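Structure first, then comments.
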Amino acid sequence: MSPDDLARIVPEVEEDGATFQANAEKKASVFALFAGMHALADDSGLCVDALGGAPGVRSARWSDEEPGDEPASPVCELPGAAAAELGPVAGRAARDERNNDKLLRLLGGIPDPRRGAEYLAVLAVAAPDGRIVASAEGACRGRIGRERRGANGFGYDPLFLPDAAGGRTMAEITADEKDAISHRGEAFRRLRAALAALVLPP
16 MSPDDLARIV
26 PEVEEDGATF
36 QANAEKKASV
46 FALFAGMHAL
56 ADDSGLCVDA
66 LGGAPGVRSA
76 RWSDEEPGDE
86 PASPVCELPG
96 AAAAELGPVA
106 GRAARDERNN
116 DKLLRLLGGI
126 PDPRRGAEYL
136 AVLAVAAPDG
146 RIVASAEGAC
156 RGRIGRERRG
166 ANGFGYDPLF
176 LPDAAGGRTM
186 AEITADEKDA
196 ISHRGEAFRR
206 LRAALAALVL
216 PP
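So the sequence shown is numbered by our numbering: it starts at 16 and just counts up by one.
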């Protein structure tokens, strides 16, 4: 069952935790209490070695933290009315572009050997009473490229070069390839036994 199946507006959860684990557990607990059933939630992001692990838990909203500091990106420059017409998808795409602009700017003078990074994801499962009953973490190691490549994926995918992708960015590989090496895929595989125990009789 997905949130859409509840036929109710799912509450917004402020992701104010200091770790991916804290945010995933908070969301899972709130959603479980709201739905009255087990709920699974995740939190994930990009951790860049040369930036001390940033953007980390702030990955999605990184460029919003310094208003006016980001260089204009022609991809993002939409008139207000046009952005409103295109809706939240365009808004997310524009924010992704600003985030990538910021990442490239901050790593501008960093040589390739020091551009290591990893995607991290934490999945958490909460019982109907909000208790966390299982969690798992997954990681995908790689480095940050110097230019955007690829049209698949979202977020930092056009800049992230996974070690296991043969020099391609996360946005250049297929969906099946991404599932096989991604941080979320690894987290789900690690959580599989716990999920099975919740739905299968002992």
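For every residue, glycine included, the Cβ atom is placed at its ideal position computed from N, Cα and C.
On a predicted model such as this, the values are computed, not experimentally measured, just so you know.
What residue from the options has the CA that sits closest to residue i's CA?
i	options	result
Arg-218	Gly-182, Pro-70 and Asp-178	With the chain running from 16 to 217 in the structure shown, residue 218 is simply not present.
Ile-147	Val-137, Ala-180 and Ala-166	Val-137
Lys-197	Glu-30, Ala-208 and Thr-184	Residue identity check: residue 197 is Ser in the sequence provided, not Lys. When each option's Cα is compared against that of Ser-197, the closest is Thr-184.
Ala-212	Val-140, Ala-154 and Arg-161	Val-140
Pro-26	Pro-18, Leu-61 and Asn-38	Pro-18
Arg-164	Ala-151, Gly-182 and Ala-154	Gly-182
Asn-38	Trp-77, Lys-117, Ala-208 and Ala-56	Ala-56
Cys-155	Pro-126, Val-214, Gly-32 and Ala-195	Ala-195
Ile-188	Phe-169, Lys-42, Arg-205 and Arg-204	Phe-169
Tyr-134	Arg-110, Asp-58 and Pro-128	Asp-58
Gly-225	Gly-153, Glu-152, Gly-160 and Ala-149	What the structure shows of the chain is the stretch from 16 to 217, and residue 225 is not part of that stretch, so it cannot be assessed.
Pro-177	Ala-142, Arg-130, Ser-150 and Ser-78	Arg-130
Arg-199	Arg-158, Pro-173, Ala-65 and Ala-151	Ala-151
Ala-209	Gly-157, Ala-142 and Ala-190	Ala-142
DSSP on residue i, reduced to helix/strand/coil?
i	result
Ile-196	helix
Ala-69	coil
Val-214	helix
Asp-111	helix
Ser-74	helix
Val-45	helix
Ala-186	coil
Phe-175	strand
Gly-60	strand
Ala-39	helix
Ala-50	helix
Output the distance between the C-alpha atoms of residue i and residue j, rounded to the nearest integer angstrom.
i	j	result
Leu-48	Ala-179	39 Å
Ala-132	Val-63	4 Å
Glu-30	Ser-44	13 Å
Arg-207	Leu-61	24 Å
Phe-35	Ser-74	11 Å
Glu-201	Leu-122	28 Å
Arg-76	Ala-166	21 Å
Tyr-171	Gly-32	21 Å
Val-28	Val-72	14 Å
Ser-88	Ala-186	In this predicted model, Ser-88 has a pLDDT of only 36, less than 50, meaning its place in the structure is not dependable enough to derive any value.
Pro-128	Gly-51	49 Å
Ala-109	Leu-215	43 Å
Ala-65	Phe-175	14 Å
At 4 residues or longer, what runs of the alpha helix (DSSP H) sit wholly inside the segment 113-163?
none
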